[in-house]
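Input: a single structure, listed below in structure tokens.
2 protein chains.
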Amino acid sequence: MDDYAAQAEERLRAAGYRMTRSRQQVIAALAATDRALSPYALIEHLRAGRPRTTPDVVTVYRVLDLLETLGLAHRVHTVPGWVACTWPETDGCHHHIICAECGRIAEVGGEDLAADLHTAPAGWTVRGHVLEYSGTCPECQVGGAGG
Amino acid sequence: MDDYAAQAEERLRAAGYRMTRSRQQVIAALAATDRALSPYALIEHLRAGRPRTTPDVVTVYRVLDLLETLGLAHRVHTVPGWVACTWPETDGCHHHIICAECGRIAEVGGEDLAADLHTAPAGWTVRGHVLEYSGTCPECQVGGAGG
DNA sequence: CTCGCTGCAAAAAATTTGCACATTG
DNA sequence: CAATGTGCAAATTTTTTGCAGCGAG
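Sequence order for the protein chains is A and B. Just so we're aligned: 125 in numbering that gives the first Met the number 0 is position 126 of the first sequence, and the numbers increase by one with no gaps anywhere. Just so we're aligned: 142 in numbering that gives the first Met the number 0 is position 143 of the second sequence, and the numbers increase by one with no gaps anywhere.
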């Protein structure tokens, strides 16, 4: 997944952001795991590699925020944390399947699984899911106020 | 939605729990709104009714936890908070659609919407969604350890 | 009357904000 | 050099825990 780091850097620069040590580290950490990482967990993960320095939690929050905005990372809720986006180039839907045992996460692309919420990717077993739509309610369709 | 309160009480008792003032209040608050309520927001909501007393936040957390366990409430993530479960009797899937403008939430039952993630309930417009599956990964299928 | 439930105090965890200083391009 | 980005301090918010006393059944 060195691919990811390269693509992330490209996107970052394309959007006018600078490539800094902190950002590289966060990107590297996300690329190196298939579990959800909280900011603290991410730093812990980085420390294992004994780098000269590790970014501050605040910075990690800010970088994750940026990566999310750029479509390079997703926040997951079933298990709290962030994961690298496997298909940043895809603007469409990104679904995740999270192992209840070990926390491993796989990204399920596009409309896959949409047709049958109980069909899992090869090798996985689906037990349940969380599905939340965001949209506009009838009330807010018209005026826009919404009370 | 007095229906909800009645059903909630029944379920609570059936499961061997006591019906207390705090629980009644939390249930009433959930029944009275179609937005996600955080524990603090829920108490705020209750205060508007000028009751003699309002439950402590800790208690609200505990009650929400219990209601979730009993299938009487759902936690939502797109907007942080809890909502009453519209169909407690349904053991199956519960999906939510949340208005990005006003926060209004509607529950979408069963497998509805599953076939086409872009089809909305009457009057609603869908913009995006969060879909997370929980399950078991290939690694954890066998041994069960999962590393 | 008994055990479950609640409130209070307090700690722990998660997230946000402001500002002076360091760094990238 | 001029933004842009970072660290540090600190405040805020959210969630969890322990325990003594209250109240539902």
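A virtual CB, placed ideally from N, CA and C, is assigned to each residue, including glycine.
At the 9 angstroms Cβ level, is residue 9/A part of the contact set with chain B, yes or no?
no
If we count the other Cβ atoms within 10 Å of its Cβ and call it buried at 16 or more, is residue 80/A buried or exposed?
buried
Closer than 9 angstroms between beta carbons: that is the criterion. Which residues of the region 124-136 of chain B meet it against chain A?
124, 125, 126, 127, 128, 129, 130, 131, 132, 133, 134, 135, 136
On the criterion of 16 or more Cβ atoms from any shown chain inside 10 Å, does residue 123/B qualify as buried, or is it exposed?
Residue 123/B comes out buried.
Relative to the C-alpha of residue 29/A, which residue among 128/A, 85/A, 11/A is closest?
For residue 29/A, the closest alpha carbon among the candidates 128/A, 85/A, 11/A is that of 85/A.
For residue 123/B, write down the residues that DSSP places opposite it in a beta bridge.
Paired residue(s): none; residue 123/B is not in a bridge.
Would you list the one or two residues that DSSP bridges to residue 80/B?
75/B
Please go through the same chain and pick out, in chain order, the residues whose beta-carbon is closer than 6 angstroms to the beta-carbon of residue 66/A, but skip the five residues on each side of it.
72
Taking DSSP's pairing of strands, which residues face residue 94/B in a bridge?
Per DSSP, 130/A, 107/B.
Between 52/B, 6/B, 78/B, 25/B, which lies nearest to residue 61/B when the distance is taken from Cα to Cα?
25/B
Let me make sure I understand the geometry here. Which of 106/B, 75/B, 102/B has the alpha-carbon closest to that of residue 93/B?
Of the candidates 106/B, 75/B, 102/B, the one whose C-alpha sits nearest the C-alpha of residue 93/B is 106/B.
Along the chain, where does the alpha helix (DSSP H) that runs through residue 138/B open and close?
137-141
Is the CB of residue 60/A under 9 angstroms away from at least one CB in chain B?
no
Please tell me whether residue 21/A and residue 77/B are closer than 9 angstroms, where the distance is taken between their beta carbons.
no
Taking only beta-carbon atoms, is residue 0/A less than 9 angstroms away from chain B?
Bear in mind that a pLDDT of 49 at residue 0/A, under 50, signals an unreliable position, so the model cannot answer this.
Using 9 angstroms as the limit for Cβ to Cβ distance, is residue 138/B near chain A?
yes
Could you tell me whether any Cβ in chain A is nearer than 9 angstroms to the Cβ of residue 100/B?
So yes, residue 100/B belongs to the interface.
Taking residue 48/A as the reference, which of 58/A, 63/A, 31/A, 37/A has the closest Cα?
Out of 58/A, 63/A, 31/A, 37/A, 31/A has the C-alpha closest to the C-alpha of residue 48/A.
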